[in-house]
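Here is the structure we will look at.
Numbering (the numbering used here), first residue to last: 10 to 114.
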């Protein structure tokens with residue numbers, strides 16, 4: 010099977026799987042026991058995507074502030090997000106922090 014055919018088969022399977030959930034559950038009210046854990050899916054996925062980019066350097070865990078400015082910038086952004094809840098401010102502060110630390114180190 011060619012690569013293009015594999016991509017189309019996987020795409021069709023993904024579409025049908027998602028469509029089945031929308032068709033079955035889409036018009037029903039979800040119970041509270043299912044809604045409560047769903048609140049944590051987006052933060053968990055975001056953390057799973059960000060943590061390796063922040064904590065790993067060349068495939069190894071790097072927690073040293075001197076060699077990993079991304080960890081310090083992430084900590085600054087996390088604290089600022091906790092205090093202000095302002096997404097543009099957090100993004101700007103995180104970027105400026107990592108750029109400044111990369112220039113200094």
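Don't be surprised by glycine CBs; every beta carbon is placed ideally from N, CA and C. Just so you know, these numbers come straight off a predicted model, no measurement behind them.
By Cβ distance, which residues of its chain are closer than 8 angstroms to residue i, with the 5 residues on each side in sequence left out?
i: residue 65; result: 71
i: residue 59; result: 83
Helix, strand or coil, according to DSSP, for residue i in the structure here?
i: residue 75; result: coil
i: residue 65; result: strand
i: residue 26; result: helix
i: residue 114; result: coil
Taking only the alpha-carbon atoms, compute the straight-line gap between residue i and residue j and give it to the nearest angstrom.
i: residue 40; j: residue 78; result: 44 angstroms
i: residue 36; j: residue 43; result: 15 angstroms
i: residue 99; j: residue 105; result: 10 angstroms
i: residue 97; j: residue 25; result: 36 angstroms
i: residue 23; j: residue 29; result: 10 angstroms
i: residue 38; j: residue 49; result: 19 angstroms
i: residue 17; j: residue 101; result: 39 angstroms
i: residue 21; j: residue 15; result: 10 angstroms
i: residue 61; j: residue 90; result: 20 angstroms
i: residue 12; j: residue 19; result: 11 angstroms
i: residue 46; j: residue 52; result: 11 angstroms
i: residue 93; j: residue 109; result: 22 angstroms
i: residue 27; j: residue 76; result: 43 angstroms
Can you name, in chain order, every residue of its own chain whose Cβ lies under 7 angstroms from the Cβ of residue i, other than the five neighbours on each side?
i: residue 107; result: 78, 79 and 82
From this set, the options, which residue's C-alpha is nearest residue i's C-alpha?
i: residue 113; options: 62, 74 and 23; result: 74
Should residue i be labelled buried (16 or more other beta-carbon atoms within 10 Å of its own) or exposed?
i: residue 68; result: exposed
i: residue 86; result: buried
i: residue 63; result: buried
i: residue 103; result: buried
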